[in-house]
Every structure is written in structure tokens, then in C-alpha cells.
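Quick note on numbering: the sequence shown equals residues 76 to 248 in this note's numbering. Think of the CB as a built atom: it goes at the ideal place given N, C-alpha and C, for glycine as much as any other residue. Below is one structure; the comments refer to it alone.
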Amino acid sequence: MTSLGLDRKITPFIIKFINPLKGYFVKWAVWISTCGGIGYFPRFPGTIGSIAGLMLFLPFRTLPLFPYLVVLIVLFFLGVWTSSVSERFFKRKDASHIVIDEVLAVFFVSYFLPQTWSWLLAGLIVFRIFDIAKPPPIKIFEKLPGGWGVMADDVIAALYSLGLLHLVRVFIL
Numbered sequence: 076m077t078s079l080g081l082d083r084k085i086t087p088f089i090i091k092f093i094n095p096l097k098g099y100f101v102k103w104a105v106w107i108s109t110c111g112g113i114g115y116f117p118r119f120p121g122t123i124g125s126i127a128g129l130m131l132f133l134p135f136r137t138l139p140l141f142p143y144l145v146v147l148i149v150l151f152f153l154g155v156w157t158s159s160v161s162e163r164f165f166k167r168k169d170a171s172h173i174v175i176d177e178v179l180a181v182f183f184v185s186y187f188l189p190q191t192w193s194w195l196l197a198g199l200i201v202f203r204i205f206d207i208a209k210p211p212p213i214k215i216f217e218k219l220p221g222g223w224g225v226m227a228d229d230v231i232a233a234l235y236s237l238g239l240l241h242l243v244r245v246f247i248l
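Dropping the structure here:
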């Protein structure tokens with residue numbers, strides 16, 4: 076027995092809640108990274124996650140820029156953490172069930188486009204094309220470790236989408 080006499084009882088309790096692969100942390104991380112289970116759709120989970128992201132975006136669309144950026148930053152870091160835990164849970168790099176990255180990317184793209192259904196749908200479609208095709212350097216960002224790679228490649232795909240759509244808006248429409 077140690078000087079406190081409680082090590083045998085307290086240590087397993089602490090390990091259960093500190094180790095992110097034990098107990099409720101994993102369940103919550105997987106639930107968040109799959110957006111409440113949306114990522115478990117058998118076909119096209121990334122596209123379904125993107126559509127869910129667009130629907131979740133709608134209540135936030137009138138926020139001023141600064142609070143919206145705070146939401147994006149919180150969602151990004153939450154995505155990094157939950158994706159890292161979920162990758163270990165699924166034993167797979169960027170498992171298709173993880174869709175929080177698509178939600179963040181659609182949140183990002185949608186806010187900086189004209190707020191009409193045609194532009195929002197164009198943003199979603201163009202983002203999905205870039206996310207699936209992964210032109211350079213998106214593939215490089217995907218190779219970052221853990222949740223950083225899961226989230227970063229979609230942020231870059233979102234930037235590509237915004238760039239292309241703004242070029243279309245300025246030079247074609």
C-alpha cells in the first residue's frame with residue numbers, strides 16, 4: 076500500500092477517463108465525428124455528411140463574421156480531436172464514417188458565398204468534386220497525422236471551392 080493507500084482504487088478510475096480510448100470519451104468522439112451517426116450511411120457518407128453540413132449551416136448563416144469564425148475554429152479543433160480518436164477506434168486512416176470534416180468544409184464554403192440556394196448547392200457540389208478528386212496539394216495535407224490530416228484536406232478542398240466559385244462569380248456571371 077502506498078502512502079495514500081488509495082492508488083489501487085483511484086488509478087483505474089483516472090486511466091478510464093484520461094485515456095481517450097477508454098469509456099465515454101471514445102463514444103462521444105465517434106458520435107461527434109460521425110455527426111450523430113450520419114457517417115454510417117451505407118452509400119456516399121461524405122456526400123450525406125456534406126448535405127447535413129449545409130442543413131446545419133442554415134441557422135448560423137446570419138451570424139456576424141467574428142462569431143462565425145469562432146464557430147469554425149471550435150468545429151475545426153473539435154474535428155481534429157474526435158477524428159484522431161475515431162481513427163484509432165475504426166483502426167483506419169480517415170475512415171469513411173468520419174464526416175465532421177465535410178460538415179466543417181461546407182460550413183466554411185457556404186458562409187462566404189451569396190446566400191441563395193443555387194450558390195449554396197453549387198458550393199456543396201464543387202466542394203465534393205474537389206474533396207473526391209483531391210488535386211495537389213490536397214493529397215499532401217491528407218497525409219498529416221491523425222485528425223489533422225482528416226480535417227486539413229477538407230479545409231484545402233473548401234478553399235479551392237471558394238476560389239473557383241468566386242472566379243466564376245466575378246468573371247462569368
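(request) Return yes when the Cβ of Phe182 is within less than 9 Å of the Cβ of Phe116, no when it is not. (result) no
(message) Quick check: what's the CA-CA separation for Lys214 versus Pro120?
(response) Going by C-alpha positions, Lys214 is about 20 Å away from Pro120.
(request) With DSSP collapsed to three states, give me the class of Leu199. (result) Three-state result, Leu199: helix.
(message) In chain order, what are the residue ranges of uninterrupted alpha helix (DSSP H) at least 4 long that sit wholly in the region 154 to 214?
(response) 175 to 186 and 192 to 208
(message) If distances are taken between C-alpha atoms only, which option among Ile247, Ile107, Ala227 and Pro189 comes closest to Asp206?
(response) Ala227
(request) Measure the C-alpha to C-alpha separation of Arg244 and Phe132 and round it to an integer number of angstroms. (result) Cα-Cα distance, rounded: 21 Å.
(request) In angstroms with no decimal places, state the Cα-to-Cα distance between Phe187 and Leu237. (result) Looking at the two C-alpha atoms, the distance is approximately 8 Å.
(request) Kindly say whether Pro210, judged by its beta-carbon, lies nearer than 9 Å to any beta-carbon of chain B. (result) The question asks about chain B, but that chain is absent: this structure has only one protein chain.
(request) Mind checking which residues open and close the alpha helix (DSSP H) that includes Arg259? (result) Residue 259 is absent from the structure shown; the chain starts at 76 and stops at 248.
(request) Could you work out which residue in Thr109, Ala197, Val201 and Phe141 is closest to Asp176 when comparing CA atoms only? (result) Thr109
(request) Classify Thr109 as helix, strand or coil using the three-state DSSP reduction. (result) coil
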